[in-house]
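Numbering (this note's numbering), first residue to last: 65 to 260.
Before any comments, here is the structure.
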DNA sequence: TTGACGATGACCT
DNA sequence: GGTCATCGTCAAA
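This is how it looks when you write it as structure tokens:
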């Protein structure tokens, strides 16, 4: 995508990313998937964001830079990937939560396990990074050129919004409808129990 | 230097 | 429904 694509407001970008293609090239080969689920994290006023209150650390540093770069983050035994959004000094990002396998299926199976069901390859933020070969070393990489980039995919079906997942300890931010997904797509991650 | 803590996933009952 | 693996990050000591 042209760099200007990433300059739209974070919530619009999160919605616009649905249907786009996320591609990772490695020595093993290329793997790519259509983005079907995202979540927006708008630092300054979002308790669920790592950059809440403009918190600036080595980890959140990339979010303070230009949009369109990768923010990778290690969670337990997994790596998650975000698209940095918002202008410079606005620490915002969009988490890629799920993709639909598009290219490099053999690679995905070898990385995730050949016994896996197709839908289980990439239907979660930690799963898709492993399937595509995205690692913490991708931190800060520009997303408009190889080896990690986003390109036109297909026109998504109906895109709907709802509360984000896995942030139950984030106060009022827990209920913000900042999660977007393609309605009915079988590769969207499963709903988790929420405290209500 | 240390310890508490996850934007998760796999596996078990 | 629940447990736990396993490690980088960050703030406090």
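The C-beta atom is built at its ideal place from N, Cα and C for all residues, glycine as well.
If you run the structure through DSSP and keep just helix, strand and coil, what is residue i?
i, result
"residue 259", "With a pLDDT of 34 at residue 259, under the threshold of 50, the predicted position of this residue should be treated as unreliable, though the coordinate-derived value follows. Residue 259 falls in the coil class under three-state DSSP."
"residue 240", "coil"
"residue 93", "strand"
"residue 124", "coil"
"residue 109", "helix"
"residue 84", "coil"
"residue 159", "strand"
"residue 251", "coil"
Identify every residue that forms a DSSP beta bridge with residue i.
i, result
"residue 136", "145"
"residue 206", "133"
Would you say residue i and residue j are within 8 Å of each other, going by their C-beta atoms?
i, j, result
"residue 11", "residue 201", "An answer regarding residue 11 cannot be provided, because it is not within the stretch 65 to 260 covered by the chain."
"residue 90", "residue 197", "yes"
"residue 194", "residue 176", "yes"
"residue 253", "residue 162", "yes"
If you drop the 5 nearest sequence neighbours on each side, which residues of the same chain put their C-beta closer than 6 Å to that of residue i?
i, result
"residue 112", "231, 234 and 237"
"residue 258", "Here the model assigns residue 258 a pLDDT of 36, short of 50, so the residue's position is not dependable, and the following value carries that caveat. Here the set comprises nothing."
Among residues of its own chain, excluding the 5 on either side of residue i, which ones have a beta-carbon nearer than 8 Å to its beta-carbon?
i, result
"residue 221", "246, 247, 248 and 249"
For residue i, which residues of its own chain have a beta-carbon under 7 Å away from its beta-carbon, when the five flanking residues on both sides are left out?
i, result
"residue 138", "200"
"residue 71", "131"
"residue 67", "132 and 208"
"residue 256", "Reliability fails at residue 256, whose pLDDT of 40 lies under 50, so the model's placement of it is uncertain and the value that follows must be treated cautiously. Taken in chain order, the residues that qualify are 229 and 230."
Segment contact flag, the stretch 102 to 110 with the stretch 230 to 250, C-beta cutoff 8 Å, min 3 pairs: yes
Given 8 Å, three or more beta-carbon pairs between the stretch 120 to 132 and the stretch 176 to 192: The answer is no - the stretch 176 to 192 does not touch the stretch 120 to 132, with fewer than three Cβ pairs under 8 Å.
Stretch pair the stretch 147 to 166 + the stretch 113 to 123: three plus CB contacts closer than 8 Å: yes
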